[in-house]
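Student: Numbering (the numbering used here), first residue to last: 2 to 496. Note that the Cβ used here is the ideal one computed from N, Cα and C, for glycine as well. Quick one: structure below, then a few questions.
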Ligand code: C2O
Ligand code: CU
Ligand code: CU
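Below, the structure is given as structure tokens:
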């Protein structure tokens, strides 16, 4: 199964060296943690944006980008209430930005497309951690080049610790029973280099790969030493949505969503994560049996499945994929008992909202898509083919001005044939309803990205408090990065 998952029909099949290393299993890499060093009441971190190369496939070098290393970045460890100072140095020959995805920070510290770090330059954002513990991440947000830079390696995890997490009894020994899983799909050329955007289709559907990397490890294996393991899953892919499951159909507990712990764990056997969504799951390996974490083919009946003409043109999320082989050690140490009540989530009362905004996501299809008016945008003239309320992203246009302190309801409608994961900066939101129906248990926590299937309408509620800045904008966008880069993004200020 492992090999068939790697070689999907219609995609590039690399040479002999590749098949060799695909048969081999590689120990799951764990990104190193970066702990702040305290100075003048601030925790200081330093990130160097650099180029390098990685040997994903044995014997082949892949040119890559990373933070403080060749590919991806260290896991930044923050604590609630900490004052953070990050020193970012851009050693690349190209400009970039560093965005703290899911963090509640001032606009000038957000790392969106306006906070450009030129080649050779530094950026020194400061912010306080004013939010719940949980699994967040950071990545490039360079205008029109986010997909390309993230694909080459520009992302990393952020873990925020808080009292709820400490009290929960959840496994918390990083790299031992608290395991980050950054899941990304990639395509390789024969020479080992990444293959990014080979055709206009790669822009239209977003960039899909045939090979899964977890924390930058090809064909990874993990050996649990404890009965219970907490996995922090990040879908760090540009476009692919995974339906995570275990191949023996065992149940697991989802304990956290994008914005931290749920009120109680929810037992389930599948978990769908679109690009940029996170979840923490608790898995019991007491039986000692080996098992594979896989991604199931998305059913045609799923609300998130691609529809109509698009579905016939290109398969999306329909292959089964191997994610992680798990082989428990022979003697497992016992784990702490996890409290049934993990956290308290106060639901925001919809009557608190002073306003409701409607946004419609759409895309141009067929010839409009292929020809485009573009040229400048994207690599294959897919430019300006993706819209929010009929408009493509324009750095010179502020799409919404919000008053600090106000609560708003946003109603997002998907008027296209494929699912878009909608993400908003500034803070976490709560989902009110999906097509008029209340959210499922896994969507009852805090979120910053949400799947919106074809023809779906979703409403969320969000408080815009704490920060005020009339001049610097935050973004909202589809987190399929090729859609974001080609127009499906807008800007708002809060002041
Ligand atoms: Cu993950 Cu606008 O970002
Ligand atoms: Cu973000
Ligand atoms: Cu999209």
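1) With C-beta atoms as the reference, is residue 248 less than 7 Å away from residue 324?
2) What is the DSSP secondary structure of residue 397, counted as helix, strand or coil?
3) Considering residue 147, what are the terminal residues of the alpha helix (DSSP H) in which it resides?
4) Any heavy atom of ligand 3 within a distance shorter than 6 Å of the CB on residue 1?
5) So, is residue 167 buried or exposed, given that buried needs 16 or more other C-beta atoms within 10 angstroms?
6) Leaving out five residues on either side along the sequence, give the residues of the same chain with a beta carbon under 6 Å from the beta carbon of residue 154.
7) Once you ignore the five residues that flank residue 401 on each side, which residues in its own chain have a CB closer than 6 Å to its CB?
8) Whole angstroms are fine: how far does the CA of residue 411 sit from the CA of residue 179?
9) What did DSSP end up calling residue 167 once you bin it into helix, strand or coil?
10) Between 348, 43, 386 and 269, which has its C-alpha nearest residue 251's C-alpha?
11) Report the option in 131, 446 and 175 whose CA atom is closest to the CA atom of residue 225.
12) Check residue 445 in the structure and name its three-state DSSP category.
13) By Cβ distance below 6 Å, which residues in the same chain neighbour residue 306 in space, the five residues on each side in sequence not counted?
14) Just to check, is the beta-carbon of residue 484 closer than 6 Å to a non-hydrogen atom of ligand 2?
15) For the beta strand (DSSP E) containing residue 364, list its first residue and its last residue.
16) Ends of the alpha helix (DSSP H) at residue 33?
17) Return the chain-ordered ranges of every beta strand (DSSP E) run that is complete within the segment 42 to 98 and spans a minimum of 3 residues.
18) Any idea if residue 486 is buried or exposed, counting beta-carbon neighbours within 10 angstroms, 16 or more meaning buried?
19) Taking just the CA atoms, how far does residue 472 sit from residue 114?
20) Here's a check: name, in chain order, each residue in its chain whose Cβ is nearer than 6 Å to the Cβ of residue 105, leaving out the five neighbours to either side.
21) Please list the terminal residues of the continuous alpha helix (DSSP H) segment that includes residue 482.
22) For residue 184 and residue 236, which I take to be in contact (beta-carbon distance under 8 Å), what is that distance rounded to the nearest angstrom?
23) Taking the alpha-carbon of residue 459 as reference, which of 491, 421 and 475 has the nearest alpha-carbon?
Tutor: To lay it out plainly:
1) In this structure, residue 324 does not lie closer than 7 Å to residue 248 by Cβ.
2) Under the three-state reduction of DSSP, residue 397 is assigned to coil, being neither helix nor strand.
3) It spans 147 to 153 - the alpha helix (DSSP H) in which residue 147 sits, taken as one unbroken run.
4) Past the edges of the chain, shown from 2 to 496, lies residue 1, and the structure says nothing about it.
5) Exposed, since its Cβ has fewer than 16 Cβ neighbours within 10 Å.
6) Once the five neighbours on either side are set aside, the close Cβ partners of residue 154 are 65, 66, 67, 72 and 73.
7) Result list for residue 401: 493, in chain order.
8) Rounded to whole angstroms, the gap between the alpha carbons of residue 179 and residue 411 is 34 Å.
9) Residue 167: helix per DSSP, three-state reduction.
10) Closest by alpha carbon: 269.
11) When only C-alpha atoms are compared, the closest one is 175.
12) DSSP, read as helix, strand or coil, puts residue 445 in coil.
13) Exclusion of the five residues before and after residue 306 leaves 299 as the residues of its chain whose Cβ lies within less than 6 Å of its Cβ.
14) Incorrect: residue 484 has no Cβ contact closer than 6 Å to ligand 2.
15) Going by DSSP, residue 364 is part of the beta strand (DSSP E) stretching over 356 to 364.
16) Premise fails: residue 33 is in no alpha helix (DSSP H) and is neither H nor E.
17) The qualifying runs are 43 to 55, 63 to 68, 76 to 80 and 84 to 91.
18) Buried: at least 16 other Cβ atoms inside 10 Å.
19) Going by the C-alpha atoms only, they are around 14 Å apart.
20) Annotation for residue 105: 131, 132 and 428 place their beta carbon closer than 6 Å to its own, counting only its chain and skipping 5 residues before and after.
21) Run containing residue 482: 482 to 486, per the alpha helix (DSSP H) assignment.
22) Contact holds; Cβ gap of about 6 Å.
23) In this structure, 421 is the residue among 491, 421 and 475 with its C-alpha nearest to the C-alpha of residue 459.
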